[in-house]
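Engineer:
Number of protein chains: 2
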Amino acid sequence: MKKEETGKGNFVYLRIAGIIEQQIVDNTLRTGDKLPSLRTICSEYGVSQNTALSAYYHLENKMLIETRPQSGYYVKYSRARIPQVPDTSSPSGIANFGISELLVSKVYDNLGEGGHLPLALATPADELLPIAKLNKGLLLATRALRGSGVAYDKAEGNERLRRQIARWAFNMECSLSHHDIITTSGCLNALSYCLMSVTEKGDTVAMESPVSFGMLQLAEALGLKVLELPTHPESGVDLNAFEGALKNKKVKASLLISNFNNPLGSCMPDENKKAAVQLAEKYNVPLIENDISGDVYFGPNRPRTCKTYDQSGIVLWCGSVSKTLAPGYRVGWVAPGRFKENVLRMKLYHSISGTSITQETIGSFLETGRYESHLRKLRHTLHGNMLRYSGAIADYFPECTKASRPRGGSVLWVELPPNIDTVDLYEKALARNISFAPGKIFTLQDQYQSCMRLNYGLLWNVQTEAQLKALGELAKRN
Amino acid sequence: MKKEETGKGNFVYLRIAGIIEQQIVDNTLRTGDKLPSLRTICSEYGVSQNTALSAYYHLENKMLIETRPQSGYYVKYSRARIPQVPDTSSPSGIANFGISELLVSKVYDNLGEGGHLPLALATPADELLPIAKLNKGLLLATRALRGSGVAYDKAEGNERLRRQIARWAFNMECSLSHHDIITTSGCLNALSYCLMSVTEKGDTVAMESPVSFGMLQLAEALGLKVLELPTHPESGVDLNAFEGALKNKKVKASLLISNFNNPLGSCMPDENKKAAVQLAEKYNVPLIENDISGDVYFGPNRPRTCKTYDQSGIVLWCGSVSKTLAPGYRVGWVAPGRFKENVLRMKLYHSISGTSITQETIGSFLETGRYESHLRKLRHTLHGNMLRYSGAIADYFPECTKASRPRGGSVLWVELPPNIDTVDLYEKALARNISFAPGKIFTLQDQYQSCMRLNYGLLWNVQTEAQLKALGELAKRN
Numbered sequence: 001m002k003k004e005e006t007g008k009g010n011f012v013y014l015r016i017a018g019i020i021e022q023q024i025v026d027n028t029l030r031t032g033d034k035l036p037s038l039r040t041i042c043s044e045y046g047v048s049q050n051t052a053l054s055a056y057y058h059l060e061n062k063m064l065i066e067t068r069p070q071s072g073y074y075v076k077y078s079r080a081r082i083p084q085v086p087d088t089s090s091p092s093g094i095a096n097f098g099i100s101e102l103l104v105s106k107v108y109d110n111l112g113e114g115g116h117l118p119l120a121l122a123t124p125a126d127e128l129l130p131i132a133k134l135n136k137g138l139l140l141a142t143r144a145l146r147g148s149g150v151a152y153d154k155a156e157g158n159e160r161l162r163r164q165i166a167r168w169a170f171n172m173e174c175s176l177s178h179h180d181i182i183t184t185s186g187c188l189n190a191l192s193y194c195l196m197s198v199t200e201k202g203d204t205v206a207m208e209s210p211v212s213f214g215m216l217q218l219a220e221a222l223g224l225k226v227l228e229l230p231t232h233p234e235s236g237v238d239l240n241a242f243e244g245a246l247k248n249k250k251v252k253a254s255l256l257i258s259n260f261n262n263p264l265g266s267c268m269p270d271e272n273k274k275a276a277v278q279l280a281e282k283y284n285v286p287l288i289e290n291d292i293s294g295d296v297y298f299g300p301n302r303p304r305t306c307k308t309y310d311q312s313g314i315v316l317w318c319g320s321v322s323k324t325l326a327p328g329y330r331v332g333w334v335a336p337g338r339f340k341e342n343v344l345r346m347k348l349y350h351s352i353s354g355t356s357i358t359q360e361t362i363g364s365f366l367e368t369g370r371y372e373s374h375l376r377k378l379r380h381t382l383h384g385n386m387l388r389y390s391g392a393i394a395d396y397f398p399e400c401t402k403a404s405r406p407r408g409g410s411v412l413w414v415e416l417p418p419n420i421d422t423v424d425l426y427e428k429a430l431a432r433n434i435s436f437a438p439g440k441i442f443t444l445q446d447q448y449q450s451c452m453r454l455n456y457g458l459l460w461n462v463q464t465e466a467q468l469k470a471l472g473e474l475a476k477r478n
Numbered sequence: 001m002k003k004e005e006t007g008k009g010n011f012v013y014l015r016i017a018g019i020i021e022q023q024i025v026d027n028t029l030r031t032g033d034k035l036p037s038l039r040t041i042c043s044e045y046g047v048s049q050n051t052a053l054s055a056y057y058h059l060e061n062k063m064l065i066e067t068r069p070q071s072g073y074y075v076k077y078s079r080a081r082i083p084q085v086p087d088t089s090s091p092s093g094i095a096n097f098g099i100s101e102l103l104v105s106k107v108y109d110n111l112g113e114g115g116h117l118p119l120a121l122a123t124p125a126d127e128l129l130p131i132a133k134l135n136k137g138l139l140l141a142t143r144a145l146r147g148s149g150v151a152y153d154k155a156e157g158n159e160r161l162r163r164q165i166a167r168w169a170f171n172m173e174c175s176l177s178h179h180d181i182i183t184t185s186g187c188l189n190a191l192s193y194c195l196m197s198v199t200e201k202g203d204t205v206a207m208e209s210p211v212s213f214g215m216l217q218l219a220e221a222l223g224l225k226v227l228e229l230p231t232h233p234e235s236g237v238d239l240n241a242f243e244g245a246l247k248n249k250k251v252k253a254s255l256l257i258s259n260f261n262n263p264l265g266s267c268m269p270d271e272n273k274k275a276a277v278q279l280a281e282k283y284n285v286p287l288i289e290n291d292i293s294g295d296v297y298f299g300p301n302r303p304r305t306c307k308t309y310d311q312s313g314i315v316l317w318c319g320s321v322s323k324t325l326a327p328g329y330r331v332g333w334v335a336p337g338r339f340k341e342n343v344l345r346m347k348l349y350h351s352i353s354g355t356s357i358t359q360e361t362i363g364s365f366l367e368t369g370r371y372e373s374h375l376r377k378l379r380h381t382l383h384g385n386m387l388r389y390s391g392a393i394a395d396y397f398p399e400c401t402k403a404s405r406p407r408g409g410s411v412l413w414v415e416l417p418p419n420i421d422t423v424d425l426y427e428k429a430l431a432r433n434i435s436f437a438p439g440k441i442f443t444l445q446d447q448y449q450s451c452m453r454l455n456y457g458l459l460w461n462v463q464t465e466a467q468l469k470a471l472g473e474l475a476k477r478n
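Here the protein sequences line up with chains R and Y, keeping their order. Mapping the first sequence onto full-length UniProt numbering, position 324 (from 1) lands on 324, and the numbers just tick up by one. Mapping the second sequence onto full-length UniProt numbering, position 95 (from 1) lands on 95, and the numbers just tick up by one.
#1: Less than 8 Å between CB atoms is the rule here; does TYR371 of chain Y satisfy it with respect to chain R?
#2: At the 8 Å Cβ level, is GLN70 of chain Y part of the contact set with chain R, yes or no?
#3: Let's test the definition: count the other Cβ atoms within 10 Å of the Cβ of ASN189 of chain Y and tell me whether it reaches 16, buried, or not, exposed.
#4: Listing by chain order, which chain Y residues have their CB less than 9 Å from the CB of MET346 of chain R?
#5: Determine, using beta-carbon pairs with one atom in the segment 387-397 of chain Y and one in the segment 153-172 of chain Y, whether at least three such pairs fall under 8 Å.
#6: Keeping to the same chain, check which residues put their C-beta closer than 6 Å to that of THR40 of chain Y; ignore five residues upstream and five downstream.
#7: Mind checking who TRP317 of chain Y pairs with in its DSSP beta bridge?
#8: Closer than 8 Å, Cβ to any Cβ of chain Y: which residues of the segment 182-199 of chain R, in chain order?
#9: What first and last residue would you give for the beta strand (DSSP E) that runs through VAL205 of chain Y?
#10: Suppose you measure from the CA of VAL277 of chain Y to the CA of PHE242 of chain Y; what does that come to, to the nearest Å?
#11: Output, in sequence order along the chain, the residues in the segment 419-441 of chain R whose CB is closer than 7 Å to any CB in chain Y.
#12: Within 10 Å of its beta-carbon, does ASN259 of chain R have 16 or more other beta-carbons around it, so buried, or fewer, so exposed?
#13: Let me check one thing: in DSSP terms, what residues is ARG453 of chain R bridge-paired to?
#14: With a threshold of 16 other CB atoms inside 10 Å of the CB of ILE19 of chain R, please say whether the residue is buried or exposed.
#15: If we ignore side chains and look at the alpha-carbon of each, how far apart do LYS377 of chain Y and ILE82 of chain Y end up?
#16: Helix, strand or coil: which one does DSSP assign to LYS34 of chain R?
#17: Where does TYR297 of chain R sit, in a helix, a strand or coil, going by DSSP?
#18: Which one of Y:VAL251, Y:ARG477, Y:ILE24, Y:ARG379 has the shortest CA to CA distance from LYS76 of chain Y?
#19: Please list, in chain order, the chain Y residues whose beta carbon lies closer than 8 Å to that of THR142 of chain R.
#20: Counting only C-beta atoms, is VAL85 of chain Y closer than 8 Å to chain R at any point?
#21: Under 8 Å, Cβ to Cβ, is there at least one residue of chain R near HIS374 of chain Y?
#22: Does DSSP put ILE182 of chain R in a helix, in a strand, or in coil?
#23: When you compare the CB of GLY384 of chain Y with every CB in chain R, is at least one pair closer than 8 Å?
#24: Any C-beta of chain R sitting closer than 8 Å to the C-beta of ALA326 of chain Y?
#25: So which of Y:ASP180, Y:SER390, Y:TYR448, Y:ALA120 has the shortest CA-CA distance to TRP317 of chain Y?
#26: Listing by chain order, which chain Y residues have their CB less than 8 Å from the CB of residue 549 of chain R?
#27: Can you give the Cα-Cα distance for SER266 of chain Y and ARG405 of chain Y, rounded to whole angstroms?
#28: Listing by chain order, which chain R residues have their CB less than 7 Å from the CB of TYR349 of chain Y?
#29: With 8 Å as the C-beta to C-beta threshold (strictly closer), list the residues of the segment 354-368 of chain Y near chain R in chain order.
#30: So, does the segment 200-208 of chain R touch the segment 170-184 of chain R, judging by three or more C-beta pairs under 8 Å?
#31: Would you check whether the ligand FMN has a heavy atom nearer than 7 Å to the C-beta of ALA132 of chain R?
#32: Determine the closest residue to VAL107 of chain R out of R:LEU224, R:GLY472, R:LEU412, R:ALA429, with distance taken between C-alpha atoms.
#33: Any beta carbon of chain Y sitting closer than 8 Å to that of ARG160 of chain R?
Laid out in structure tokens, this is it:
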């Protein structure tokens with residue numbers, strides 16, 4: 001399965017496309033440069049015309065190159081057209097501002113209403129999900145399960161699903177068995193059981209900043225304080241700050257989105273993950289890892305996880321299919337390491353078990369090759385979208401607007417010039433039926449006033465581009 | 001819908017059967033008494049032979065009467081064959097014994113494994129559930145829902161389901177709208193959100209005693225203390241003790257199973273419910289009502305709820321379809337009264353939303369007449385089973401064994417002679433592949449050593465009777 005993606009396997013066209021992509025990213029090939037003809041590719045690489053065409057088609061889809069009739073292929077994208085990446089965040093530590101509940105509910109009251117404000121969300125549009133195949137899976141699940149799924153599931157969760165999660169964990173070079181895994185009602189529910197297992201009211205938890213408001217709200221609901229850590233839009237949490245937090249012994253747990261942080265899109269390099277786990281072990285502070293978007297990577301390989309480097313069971317690795325298959329199924333999981341008994345008890349005591357039928361459906365979906373082939377398409381679409389968004393931001397947003405450059409996931413972080421307040425801008429945009437997630441809801445402190453999170457997990461079309469253009473113009477008029 | 005059940009409506013045969021049943025219960029008709037002939041019934045009530053036959057068939061099914069060939073109908077059941085009801089429980093107050101986790105997991109580790117130890121459970125057997133109709137409902141739900149249910153549901157929950165719950169609440173003379181209701185992942189999950197909304201770690205919650213171990217475990221997981229209240233096997237919680245608990249202001253909330261308490265089967269009379277709500281209002285202590293089995297009544301009418309008498313929003317009424325349709329769907333709900341905002345936030349923060357597809361399936365099931373016709377069959381079967389269990393206990397268990405006489409639900413409470421320790425008995429029974437729930441797991445105190453809970457929510461057949469007989473003989477040998 002992985003071979004196809006690494007380019008070292010069967011798909012020669014991907015290897016060729018990868019080489020050209022790298023040259024574009026490195027600026028060796030610049031916007032407008034003419035690319036080798038198909039015939040040249042064929043003779044240089046010893047491949048068929050079809051393979052050469054596939055490579056160029058792949059790059060075209062990614063918006064990296066374009067065809068000009070009767071002329072050939074040209075580089076469309078170059079670094080110059082991509083907005084600058086924001087700096088590392090600099091939160092000031094623990095603060096008592098609290099999250100703006102009102103603002104969050106204003107932005108999300110229409111959740112589930114039909115997605116007419118998709119830029120604000122952080123889940124892929126229905127059109128990107130394999131709905132027909134999932135429906136077929138539901139039918140098969142009613143046949144496979146005892147009593148068609150009316151009976152209680154085991155407390156640990158559906159065994160088929162747990163086996164598949166363990167099998168998939170191989171892709172991130174993580175050795176797990178189904179005994180290590182407990183299913184949950186989505187990823188946030190997994191984080192909830194983890195936090196309830198390793199913290200008590202009044203404790204402090206360290207998180208990246210900015211960070212998904214759902215995690216901030218959960219912490220607040222549990223009476224926890226949040227220590228917000230400086231985070232870089234590409235490499236994730238600042239390790240010095242992380243160690244500082246653990247060292248002073250005031251942090252009872254850390255909660256990191258290791259791959260494609262929401263809202264930044266940052267991804268911790270492997271060595272940082274390893275170092276973070278070593279620090280967690282050194283200071284004996286549980287590390288809860290939110291890896292909900294890890295399967296949606298744009299690079300050649302599934303990024304590793306902190307769990308990959310976990311020797312002692314100090315990492316509680318959480319995931320779900322809410323960013324890839326079906327948020328409404330509420331299927332998530334956790335591999336809680338040495339905290340398994342506690343987490344299992346939390347699940348049992350708060351909800352007995354999970355929904356049998358949706359777990360079985362996802363389990364069988366993962367068992368076949370359908371998940372991998374769906375993911376391949378999804379990654380391809382989202383990567384293309386991300387590049388299109390970057391282009392649109394460069395084209396339409398105020399000068400000096402910065403934007404993160406996610407290598408996976410479905411959201412990016414935009415930093416507008418400091419004179420623009422995105423809460424004001426949100427009101428103006430809403431009047432035109434455009435929504436986004438204002439920066440203020442991703443922190444408990446008084447910061448990120450000029451920032452916003454944009455969702456690129458939707459179909460790119462004329463409307464999407466028009467919305468981004470209108471949003472940019474509104475911002476410029478400020 | 002309700003008319004059919006009250007006997008005042010279309011079904012004359014039920015009215016006739018009801019009159020005879022009452023005479024049997026009152027001991028006006030005694031075991032072995034001959035009943036009026038079909039012809040007499042026809043002329044006395046002015047009904048057809050078919051109607052008269054239906055009435056007798058109904059009573060036969062309930063094990064109350066029997067046919068003797070060439071002779072007629074005779075009373076089979078009489079009060080004499082029914083074991084005595086245990087006395088009101090007398091827990092000593094708050095205790096620190098804690099629940100025997102080990103014993104609970106020993107009894108329940110096989111939950112979901114295929115029900116080979118059904119006497120220990122408290123859910124109806126798969127055979128009693130409308131599986132084929134639910135499967136059809138799942139298919140319809142994939143067609144009715146946006147994106148076939150892959151998308152997030154609203155935080156409040158599926159609207160069709162909430163409307164139906166509000167409509168059904170009419171049966172207990174409770175006026176609710178769908179705006180009053182929040183769906184949850186089963187009833188225990190509803191209780192969890194309620195407790196998290198109205199209590200904090202260290203608070204005390206008043207409950208009936210004995211009480212479902214799930215509720216005790218949930219309270220322990222939340223760091224709450226439990227005040228166990230004296231409870232009568234027929235009329236439920238002792239109101240004087242209840243008032244005492246509320247008066248001393250040390251109780252932050254109460255949690256009552258108003259209808260068909262698990263494990264006792266007790267049902268608070270309407271006037272007691274009303275009085276309990278008045279006390280809750282007087283002392284301003286939220287009353288969380290677990291009404292999970294309220295629809296499984298054996299009498300003519302759906303019993304009312306505490307919520308029926310709630311004027312001020314102090315009652316948080318919780319329910320689910322886990323005892324009637326599909327425990328594995330994890331569909332439950334709460335009408336949290338004045339605590340709605342808090343409870344909704346808990347749901348949102350801990351799990352975002354519920355599973356879309358199972359909620360829609362249950363919503364549409366409740367919308368048609370299928371739920372009522374299923375319930376009618378289920379109640380009939382369970383009532384018959386309860387009577388058969390009573391008979392078997394009288395026939396096979398040690399003399400002086402007492403047993404509760406539930407007027408609904410699917411469990412009853414057995415009190416063996418005091419020299420019998422049901423934890424020892426459990427071990428011996430297990431060796432013969434018989435299981436039950438030992439009394440000790442229904443309290444945090446050192447009591448109920450001679451008690452057990454039995455599940456009659458299964459198909460009555462030769463094996464069931466043989467298991468009860470074997471269990472009785474093991475107990476006698478003690």
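Where is the CB? At the ideal position from N, CA and C, for every residue including glycine.
Structural biologist: This is what the structure gives:
#1: Reading the second sequence from its first residue, position 371 is the one you call residue 371 of chain Y. False, the Cβ-Cβ gap to chain R never drops below 8 Å.
#2: Locating residue 70 of chain Y in the second sequence gives position 70, counting from the first residue. Chain R, which has no Cβ nearer than 8 Å to the Cβ of GLN70 of chain Y, makes this no.
#3: Taking the first residue of the second sequence as 1, we reach residue 189 of chain Y at position 189. Under this definition ASN189 of chain Y is a buried residue.
#4: For the purposes of this step, residue 346 of chain R is taken as the residue at position 346 of the first sequence. Correct list: ALA221.
#5: no
#6: The residue labelled residue 40 of chain Y in the question sits at position 40 within the second sequence. Cβ within range, chain order: n/a, list empty.
#7: To locate residue 317 of chain Y, count along the second sequence from 1; it is residue 317. BP columns for TRP317 of chain Y point to Y:GLU289, Y:ALA335.
#8: SER185, GLY186, LEU188, ASN189, SER192, MET196
#9: Walking along the second sequence from the start, residue 205 of chain Y turns up at place 205. Run containing VAL205 of chain Y: 204-208, per the beta strand (DSSP E) assignment.
#10: Here residue 277 of chain Y refers to the residue found at position 277 of the second sequence. Here residue 242 of chain Y refers to the residue found at position 242 of the second sequence. Going from the Cα of VAL277 of chain Y to the Cα of PHE242 of chain Y covers about 11 Å.
#11: none
#12: Numbered from its first residue, the first sequence carries residue 259 of chain R at position 259. Its Cβ being crowded by 16 or more others within 10 Å, ASN259 of chain R is buried.
#13: Here residue 453 of chain R is taken as the residue at index 453 of the first sequence, counted from 1. R:TRP413, R:ALA437.
#14: Taking the first residue of the first sequence as 1, we reach residue 19 of chain R at position 19. ILE19 of chain R should be labelled exposed.
#15: The residue labelled residue 377 of chain Y in the question sits at position 377 within the second sequence. The residue labelled residue 82 of chain Y in the question sits at position 82 within the second sequence. Taking the straight line from one Cα to the other gives about 24 Å.
#16: The sequence position of residue 34 of chain R within the first sequence is 34, counting from 1. If DSSP states are grouped into helix, strand and coil, LYS34 of chain R belongs with the strands.
#17: Here residue 297 of chain R corresponds to residue number 297 of the first sequence, with the count starting at 1. Correct three-state label for TYR297 of chain R: strand.
#18: Residue numbering aside, residue 76 of chain Y sits at position 76 when the second sequence is read from its first letter. The shortest C-alpha separation from LYS76 of chain Y is found at Y:ILE24.
#19: Counting from 1 along the first sequence, the entry for residue 142 of chain R is found at position 142. Within 8 Å Cβ-Cβ: ASN135, LEU138.
#20: For this step, residue 85 of chain Y is matched to residue 85 along the second sequence. VAL85 of chain Y does not count as touching chain R.
#21: On the second sequence, residue 374 of chain Y is found 374 positions in, with the first residue counted as 1. It does not: the Cβ of HIS374 of chain Y has no partner Cβ on chain R nearer than 8 Å.
#22: Residue numbering aside, residue 182 of chain R sits at position 182 when the first sequence is read from its first letter. It is a strand residue.
#23: Residue numbering aside, residue 384 of chain Y sits at position 384 when the second sequence is read from its first letter. So no, GLY384 of chain Y is outside the interface.
#24: Residue numbering aside, residue 326 of chain Y sits at position 326 when the second sequence is read from its first letter. Chain R, which has a Cβ nearer than 8 Å to the Cβ of ALA326 of chain Y, makes this yes.
#25: Position 317 of the second sequence, counted from the first residue, corresponds to residue 317 of chain Y. The residue with the shortest Cα to Cα distance from TRP317 of chain Y is Y:ASP180.
#26: Not covered by the structure: residue 549 of chain R. The range shown for chain R is 1 to 478.
#27: Taking the second sequence and counting its residues from 1, one reaches residue 266 of chain Y at position 266. Taking the second sequence and counting its residues from 1, one reaches residue 405 of chain Y at position 405. Approximately 8 Å, taken between the alpha carbons.
#28: In the second sequence, counting from the first residue as 1, residue 349 of chain Y sits at position 349. Residues of chain R passing the Cβ test: GLN217, LEU218, ALA221.
#29: GLY354, THR355, SER356, ILE357, THR358
#30: no
#31: Of ligands this structure carries none, so the ligand FMN is not represented either.
#32: By 1-based counting over the first sequence, the position of residue 107 of chain R is 107. Checked all of R:LEU224, R:GLY472, R:LEU412, R:ALA429; the closest Cα to VAL107 of chain R is R:ALA429.
#33: Within the first sequence, residue 160 of chain R is the residue found at index 160, counting from 1. It does not; no Cβ of chain Y falls within 8 Å.
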